[in-house]
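This report refers to the structure that appears directly beneath it.
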Amino acid sequence: MSDIELEKFKLDKSDSFELLSYQNRLIQAEHDENSAKVNYLNALTALDSLLGTTLEHWGIDIEDASKVDLP
Numbered sequence: 401m402s403d404i405e406l407e408k409f410k411l412d413k414s415d416s417f418e419l420l421s422y423q424n425r426l427i428q429a430e431h432d433e434n435s436a437k438v439n440y441l442n443a444l445t446a447l448d449s450l451l452g453t454t455l456e457h458w459g460i461d462i463e464d465a466s467k468v469d470l471p
């Protein structure tokens, strides 16, 4: 939608306020999308923690981990 508004602006069919308004709404929508993704991943992490499945989720076998020689 911002591309359409930019073309309208270039043709003097729209003003800079409308163009900036569309751009700001697009930026806010992208920010909201990223926040939703982070919240979803945090919820998955909390669920793994609650169920005690974090190591399983990441494919870590505690038996194999105990065999590793640490410096």
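Quick note: the sequence shown uses our numbering, first residue 401, plus one each step.
For every residue, glycine included, the Cβ atom is placed at its ideal position computed from N, Cα and C.
Since this is a predicted model, take the numbers as computed values, not measurements.
What did DSSP end up calling residue i once you bin it into helix, strand or coil?
| i | result |
| --- | --- |
| Asp-412 | coil |
| Ile-427 | helix |
| Asp-461 | coil |
Tell me which residue opens and which closes the alpha helix (DSSP H) that residue i is part of.
| i | result |
| --- | --- |
| Thr-454 | 454-457 |
| Asp-469 | Taken as a continuous stretch (DSSP letters only), Asp-469 belongs to no alpha helix (DSSP H), as it is neither H nor E. |
What's the gap between the Cα of residue i and the Cα of residue j?
| i | j | result |
| --- | --- | --- |
| Arg-425 | Asp-403 | 13 Å |
| Glu-430 | Lys-467 | 45 Å |
| Glu-463 | Leu-441 | 27 Å |
Under 7 Å Cβ to Cβ from residue i, same chain only, skipping five residues before and after it: list those, please.
| i | result |
| --- | --- |
| Asp-448 | Thr-454 and His-457 |
| Leu-406 | Leu-419 |
Output yes if chain C places a C-beta closer than 8 Å to the C-beta of residue i; else output no.
| i | result |
| --- | --- |
| His-457 | Judged by its chain identifiers, the structure shown contains no chain C, having just a single protein chain. |
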